[in-house]
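Worksheet: the structure to be examined is printed underneath.
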Amino acid sequence: MKMKLAVVQFFVISLLLSYSFFMLSNADSSSCNGKCNVRCSKAGRQDRCLKYCNICCENCEDHCVPSGTYGNKDECPCYRDTKNSKGQPKCP
344 MKMKLAVVQF FVISLLLSYS FFMLSNADSS SCNGKCNVRC SKAGRQDRCL KYCNICCENC
404 EDHCVPSGTY GNKDECPCYR DTKNSKGQPK CP
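And the structure:
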């Protein structure tokens, strides 16, 4: 009986920890979503801008996105320095 209780407790604790990690990862991505929505608000190809902005934001450890809708990339060196396979800037 004690063994079953220990297994149930372990399972419940595992679920709670998994949920906590899930919520933390979603918090980061929602932070990027909001910043990228502002960044891409005036883009001609908004879907493409949002895709690459979110990729860049999530890859940078500080989840930095430059302010405004264009330029200001010096505010976020990781965002600024991320390049595509052709060596051109990846982040909008």
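Quick note on my numbering: the sequence shown kicks off at 344 and runs consecutively.
Built from N, CA and C at the ideal position, the CB exists for glycine as well.
{"query": "Suppose only complete runs of 3+ residues qualify. What are the beta strand (DSSP E) ranges in the region 389-424, listed by chain order?", "result": "none"}
{"query": "Leaving aside the five residues before and after residue 399 along the sequence, list all residues of the same chain whose C-beta is less than 7 Å from its C-beta, in chain order.", "result": "422, 425, 433, 434"}
{"query": "Expressed to the nearest angstrom, what Euclidean distance is found between the alpha-carbon atoms of residue 391 and residue 357?", "result": "37 Å"}
{"query": "May I have the straight-line CA-CA distance separating residue 352 from residue 345, to the nearest angstrom?", "result": "10 Å"}
{"query": "Taking just the CA atoms, how far does residue 347 sit from residue 355?", "result": "12 Å"}
{"query": "My output table needs one value for residue 356: the three-state DSSP class, helix, strand or coil.", "result": "helix"}
{"query": "DSSP state of residue 347, grouped into three classes?", "result": "helix"}
{"query": "Assuming contact is defined by CB atoms lying nearer than 7 Å, are residue 379 and residue 397 in contact in what I supplied?", "result": "yes"}
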